[in-house]
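Data block below; observations after.
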Amino acid sequence: GQQLNQSPQSMFIQEGEDVSMNCTSSSIFNTWLWYKQDPGEGPVLLIALYKAGELTSNGRLTAQFGITRKDSFLNISASIPSDVGIYFCAGRGGNKLVFGAGTILRVKS
Amino acid sequence: GAVVSQHPSWVICKSGTSVKIECRSLDFQATTMFWYRQFPKQSLMLMATSNEGSKATYEQGVEKDKFLINHASLTLSTLTVTSAHPEDSSFYICSAPGGPFQETQYFGPGTRLLVL
Numbered sequence: 241g242q243q244l245n246q247s248p249q250s251m252f253i254q255e256g257e258d259v260s261m262n263c264t265s266s267s268i269f270n271t272w273l274w275y276k277q278d279p280g281e282g283p284v285l286l287i288a289l290y291k292a293g294e295l296t297s298n299g300r301l302t303a304q305f306g307i308t309r310k311d312s313f314l315n316i317s318a319s320i321p322s323d324v325g326i327y328f329c330a331g332r333g334g335n336k337l338v339f340g341a342g343t344i345l346r347v348k349s
Numbered sequence: 030g031a032v033v034s035q036h037p038s039w040v041i042c043k044s045g046t047s048v049k050i051e052c053r054s055l056d057f058q059a060t061t062m063f064w065y066r067q068f069p070k071q072s073l074m075l076m077a078t079s080n081e082g083s084k085a086t087y088e089q090g091v092e093k094d095k096f097l098i099n100h101a102s103l104t105l106s107t108l109t110v111t112s113a114h115p116e117d118s119s120f121y122i123c124s125a126p127g128g129p130f131q132e133t134q135y136f137g138p139g140t141r142l143l144v145l
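Protein chains in written order, with the working numbering: chain A, 241 to 349; chain B, 30 to 145.
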């Protein structure tokens with residue numbers, strides 16, 4: 241099925257560093273969502289974006305809904321060991337979500 | 030955020046048997062729920078949309094007779110994997126819409142199925 245282009249595929253960073261990941265699509269979406277998934281668990285919603293150009297923060301997380309409605313980025317500032325996991329972007333078209341392939345984040349303490 | 034639960038969290042079964050997975054919205058009602066399948070190190074693949082009071086809508090390539098979905102009430106959807114085979118082993122996750130505009134989806138914790 242359709243997927244978003246999410247990059248990078250994986251990151252291995254030093255604790256305290258900032259992290260940036262993004263998603264792009266050839267289609268327009270009305271909503272962009274960012275999720276984190278820990279091993280053996282379901283995805284947990286981090287940030288929801290509803291309007292083009294919207295910039296939203298949740299603690300150390302910041303995400304933006306691209307002005308073209310075809311992209312979004314997620315930044316994590318001052319990473320900590322518990323940030324490890326897989327991060328997924330998802331775009332909502334109609335009532336279904338389209339997911340990116342995920343970004344695996346590893347943090348070296 | 031809205032809470033979605035799944036039961037069981039993991040199940041092991043023999044080939045040929047059927048397995049039922051429950052998905053419940055705990056503090057809200059959901060006329061629609063979604064069932065996903067996830068293989069190791071891969072993204073989530075939508076299998077079907079569960080609709081309360083009507084038939085589920087299946088994605089292309091998903092066998093409706095293999096994966097039976099019943100949305101029995103406004104808080105419960107079930108997925109039954111019929112005549113399970115080893116290739117059905119996977120991580121199954123459900124979700125329900127929520128948020129101020131019903132445009133976010135809240136996911137259950139997932140069910141790990143292993144078919145021997």
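Virtual Cβ for every residue (Gly too), placed ideally from N, Cα, C. Predicted model, so just to flag it, every value in this text is computed and none were measured.
Looking only at its chain, what residues have a beta carbon closer than 7 Å to the beta carbon of residue i, apart from the 5 residues adjacent to it on each side?
{"i": "Phe305 of chain A", "result": "Trp272, Leu289, Lys291, Ala292, Gly293, Glu294 and Ser312"}
{"i": "Gly325 of chain A", "result": "Lys276, Gln277, Asp278 and Leu345"}
{"i": "Ser54 of chain B", "result": "Ala31, Val33, Thr104 and Ala125"}
Which chain B residues sit within Cβ distance under 9 Å of residue i?
{"i": "Glu255 of chain A", "result": "What Glu255 of chain A touches in chain B: nothing, since even the nearest Cβ is about 24 Å away."}
{"i": "Gln243 of chain A", "result": "Ser72"}
Could you name the residues that DSSP lists as bridge partners for residue i?
{"i": "Tyr65 of chain B", "result": "B:Leu75 and B:Ile122"}
{"i": "Gln254 of chain A", "result": "A:Lys348"}
{"i": "Lys43 of chain B", "result": "Answer is none; Lys43 of chain B lacks a bridge partner."}
{"i": "Gln246 of chain A", "result": "A:Cys263"}
{"i": "Glu132 of chain B", "result": "The partner list for Glu132 of chain B (beta bridge, DSSP) is empty, contrary to what the question assumes."}
{"i": "Arg332 of chain A", "result": "A:Thr271 and A:Leu337"}
Need the endpoints of the beta strand (DSSP E) that residue i sits in, please.
{"i": "Glu81 of chain B", "result": "Per DSSP, Glu81 of chain B belongs to no beta strand (DSSP E) and is neither H nor E."}
{"i": "Lys310 of chain A", "result": "It is not in any beta strand (DSSP E) - Lys310 of chain A carries neither H nor E in the DSSP assignment."}
{"i": "Glu268 of chain A", "result": "Sequence check: residue 268 of chain A is Ile here, not Glu. First-last for Ile268 of chain A: undefined, no H or E at that position."}
{"i": "Ser102 of chain B", "result": "Phe96 to Ser102"}
Below 8 Å on C-beta distance, what does residue i contact in chain A?
{"i": "Pro138 of chain B", "result": "Glu281 and Gly282"}
{"i": "Arg146 of chain B", "result": "This structure cannot settle anything about residue 146 of chain B, because the visible part of chain B is limited to 30 through 145."}
{"i": "Ile122 of chain B", "result": "Gly282 and Pro283"}
Should residue i be labelled buried (16 or more other beta-carbon atoms within 10 Å of its own) or exposed?
{"i": "Arg332 of chain A", "result": "buried"}
{"i": "Gln262 of chain A", "result": "One point to set straight first is that residue 262 of chain A is Asn, not Gln, in the sequence displayed. Buried, because 16 or more other Cβ atoms sit within 10 Å of the Cβ of Asn262 of chain A."}
{"i": "Phe136 of chain B", "result": "buried"}
{"i": "Pro321 of chain A", "result": "exposed"}
{"i": "Ala212 of chain A", "result": "A question about residue 212 of chain A goes unanswered here, because the residues of chain A that appear run from 241 up to 349."}
{"i": "Gln131 of chain B", "result": "exposed"}
{"i": "Asp56 of chain B", "result": "exposed"}
{"i": "Val144 of chain B", "result": "buried"}
{"i": "Trp39 of chain B", "result": "exposed"}
{"i": "Val32 of chain B", "result": "exposed"}
Excluding the 5 residues flanking residue i on each side, which residues of the same chain have their C-beta closer than 6 Å to its C-beta?
{"i": "Ser106 of chain B", "result": "Cys52, Met62, Ser79 and His100"}
{"i": "Gly45 of chain B", "result": "Ser112"}
Looking at the ligand GTP, does it come within less than 8 Å of residue i, judged from the CB to the closest heavy atom?
{"i": "Gln246 of chain A", "result": "Because no ligand of any kind appears in the structure shown, any question about the ligand GTP cannot be addressed here."}
Please list the partners that residue i has in chain B, where partner means a Cβ-to-Cβ separation under 8 Å.
{"i": "Gly336 of chain A", "result": "In the sequence as presented, Gly is not what sits at residue 336 of chain A; that position holds Lys. Phe63, Leu75 and Thr78, listed in chain order."}
{"i": "Ala341 of chain A", "result": "Gln71 and Ser72"}
{"i": "Phe328 of chain A", "result": "Ser72 and Leu73"}
Chain A partners of residue i, CB-CB under 7 Å?
{"i": "Phe130 of chain B", "result": "Tyr290"}
{"i": "Tyr135 of chain B", "result": "Leu285"}
Under 7 Å between beta-carbons, which chain B residues line up against residue i? List them in chain order, please.
{"i": "Thr296 of chain A", "result": "Correct list: empty, because the minimum Cβ distance to chain B is about 12 Å."}
{"i": "Arg346 of chain A", "result": "Correct list: empty, because the minimum Cβ distance to chain B is about 14 Å."}
Going by beta carbon distance, what residues of the same chain come within less than 8 Å of residue i, once the five residues before and after it are set aside?
{"i": "Gln58 of chain B", "result": "Leu103 and Thr104"}
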